[in-house]
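Below: the structure, in structure tokens.
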Amino acid sequence: AEAEKQNVGTARLDRIMLDEARLEAIACAVEAIIALPDPVGTVLASWQVPSGLDITRVRVPLGVTGVIYESRP
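For the sequence shown, the numbering used here assigns the number 457 to the initial residue and increments by one for each residue that follows.
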């Protein structure tokens with residue numbers, strides 16, 4: 457109702473509508489990510505500098521997981 461007052465087009469409304477089917481799709485996508493192997497702790501590279509110091513690049517967690525839901529034309 458408010459969207460109609462502000463003259464928001466039906467195509468835009470469809471893109472931003474969160475109905476049960478879309479929420480289910482988001483949940484399925486999150487479950488698919490959960491099923492992936494955990495990359496945290498994977499050694500990406502390792503080398504030794506001339507002074508003898510061993511350097512190792514290890515994959516670490518980002519710290520935040522989020523779902524981005526946005527509307528774009």
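The beta-carbon is built from N, C-alpha and C at its ideal position, and this holds for glycine as well.
Beta-carbon gap between residue i and residue j smaller than 8 angstroms
| i | j | result |
| --- | --- | --- |
| L552 | V514 | Residue 552 lies beyond the residue range present for the chain, which begins at 457 and ends at 529; the question has no answer from this structure. |
| A459 | L469 | yes |
Spatial distance of residue i from residue j (CA atoms)
| i | j | result |
| --- | --- | --- |
| I490 | N463 | 40 angstroms |
| G465 | T498 | 47 angstroms |
| P495 | V505 | 26 angstroms |
| A485 | S507 | 47 angstroms |
| A483 | L509 | 45 angstroms |
| D475 | I511 | 49 angstroms |
| S502 | A467 | 51 angstroms |
| A488 | I472 | 23 angstroms |
Cross-strand partners of residue i (DSSP beta bridge)
| i | result |
| --- | --- |
| Q462 | None; Q462 has no bridge partner. |
| D470 | Partner(s): none; D470 has no beta bridge. |
| T512 | S502 |
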